[in-house]
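Just below is one structure, and these are the notes that go with it.
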Amino acid sequence: MCLFLVFMVSTLVLNVVQTETLQLAATRNSIEYEQALYLANAGVHHACSQLAADATWRGVVTDGVLPPSSPAAGYSTSAADDALGNVVVTSTGFAGNGKRTVSATIEL
């Protein structure tokens, strides 16, 4: 009876540990996904500040690890003209395993 009880408690503990590990991984992925969105938006704002300073500016802006951390985080943004004379800014933010892309059309 004692061995059966130890087996059942061990099984229950193992199940709880697996569930909590899965929940922790899901939470980490969700956080990295949201951080990547915020970094992509920061890239759009960085490009907008470049365009505000010089309306003829077209190019790429990047910012690396923000702040320095073990999983890389940052953004890469490019600005180019479209067929209508507007500026299309495309920014990709990355944080850990998360990656998000934001695109904005700016009329000058």
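Going by the numbering used here, the first residue of the sequence shown is number -2, and it counts up by one from there. Idealized CB from N, CA, C, for every residue including glycine. In this text the structure is predicted, and so the values were computed from the model without any measurement.
Would DSSP call Gly40 helix, strand or coil? Within the sequence shown, numbered from 1, the residue matching residue 40 stands at position 43. Helix.
Taking 8 Å as the cut-off, is the beta-carbon of Leu9 closer than that to any non-hydrogen atom of the ligand ADP? The ligand ADP is not among the ligands present in this structure, which contains no ligands whatsoever.
Helix, strand or coil, according to DSSP, for Thr53 in the structure here? Sequence index remark: in the sequence shown, residue 53 carries index 56 (1-based). Three-state result, Thr53: coil.
Are Val85 and Ser100 closer than 9 Å when you measure CB to CB? Within the sequence shown, residue 85 is the residue found at index 88, counting from 1. Within the sequence shown, residue 100 is the residue found at index 103, counting from 1. When the beta-carbon positions are compared, Val85 and Ser100 come within less than 9 Å of each other.
Note the first and the last residue of the continuous beta strand (DSSP E) segment covering Asp78. The residue given as residue 78 occupies position 81 in the sequence shown. 70 to 78 is the extent of the beta strand (DSSP E) around Asp78.
Could you tell me if Leu36 is buried or exposed, where buried requires 16 or more neighbouring beta carbons within 10 angstroms of its beta carbon? By 1-based counting over the sequence shown, the position of residue 36 is 39. By the C-beta density criterion, Leu36 is buried, having at least 16 other C-beta atoms within 10 angstroms.
Rounded C-alpha distance that separates Thr24 from Ala33: Here residue 24 refers to the residue found at position 27 when the sequence shown is read from its first residue. Here residue 33 refers to the residue found at position 36 when the sequence shown is read from its first residue. Approximately 14 Å between the Cα atoms of the pair.
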